[in-house]
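Some notes on the structure that comes next.
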Amino acid sequence: MNATKKRIAVFPGAFDPPTLGHLDIVRRGLTIFDEVVVAVARNPGKAPLFSVEERVALLREATAGLAGVTADTYEGLTVDYVRKLGATAILRGLRTPTDLDFEMQLALTNRAISGTETVFVAAGERFGFISSSLIKEVARLGGDVSSMVPAAVLRGLKEKLG
Ligand code: ADP
0 MNATKKRIAV FPGAFDPPTL GHLDIVRRGL TIFDEVVVAV ARNPGKAPLF SVEERVALLR
60 EATAGLAGVT ADTYEGLTVD YVRKLGATAI LRGLRTPTDL DFEMQLALTN RAISGTETVF
120 VAAGERFGFI SSSLIKEVAR LGGDVSSMVP AAVLRGLKEK LG
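Once you know that position 62 of the sequence shown is 61 in numbering that gives the first Met the number 0, the rest is easy, because the numbers rise by one and skip nothing.
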C-alpha cells in the first residue's frame, strides 16, 4: 500500500436538510480521514423539502471553513461511488440503538456486495437528538430550530416554509 495515499471517507445521506449533527460527524470524521466527501444521494423514492442541488449548496456553505471537506451528489449504489472516488470507507453517524440496528444491516450489505468497510462515529453529546425530519416538522409548525442547524439552513427553511 502506498503510505502517502490520502484516506478519503464518503459520508452519504439524504441531508434534507443538513444539521449540526451531520456537521459534527464531518468534523469527527476529519480526525480519522484526510478528506471527507459529504455525498447527497439522489433518491427518486423520496419527496424532499430541498432539491439535491440545494442540499449540496447548503452543505458547501456550512462546511466552507473546514479544510478537507467537499460536498457532492451521486446516483446509484453508494459503494460504486466509493469505488469511483478511490475512497477508503463509508462514514456514518450513530445516534441511538435504533440507528445501530439499521446501520449494521446497511454496513454488512455494503461489505457483502463490494468489500467496502463502514466507519461509525458516535454522535456528539449535544447533537445526538437532532434529526432532519423532526427539524422539518418543527420548522413547518413555526418552532425555533436555530440551535440545531447551520445558519444557511435556517435561512433556507425560512425561505421554503415562511
Ligand atoms: P439517511 O437517510 O441516509 O440516513 P440522513 O441525512 O438522515 O440520511 O443521515 C445521514 C447520516 O448522518 C446517517 O449515518 C445518520 O445516522 C447520521 N446522522 C443524522 N443525524 C445525526 C446526528 N444528529 N448526529 C450524528 N449523526 C447523525
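For every residue, glycine included, the Cβ atom is placed at its ideal position computed from N, Cα and C.
At the C-beta level, V120 and G28 come within 8 angstroms of one another. At least one heavy atom of ligand 1 is found less than 7 angstroms from the C-beta of A122. Restricting attention to V68, G75, P17, D23, the CA atom closest to the CA of N42 is found in G75. For E116, the enclosing beta strand (DSSP E) has its first and last residue at 116 to 121. A distance criterion of 7 angstroms places the beta-carbon of R91 in contact range of ligand 1, judged by its closest non-hydrogen atom. The continuous alpha helix (DSSP H) containing T97 extends over residues 96 to 113. With a contact defined as Cβ atoms closer than 8 angstroms, T62 and V148 miss out at about 13 angstroms. For the pair V39 and F14, the CB atoms are nearer than the 8 angstroms cut-off. In the DSSP assignment, the residues bridged to A70 are V37. Per DSSP, the continuous beta strand (DSSP E) segment holding A88 begins and ends at 88 to 93. In the structure shown, V9 falls within a strand segment according to DSSP collapsed to helix, strand and coil.
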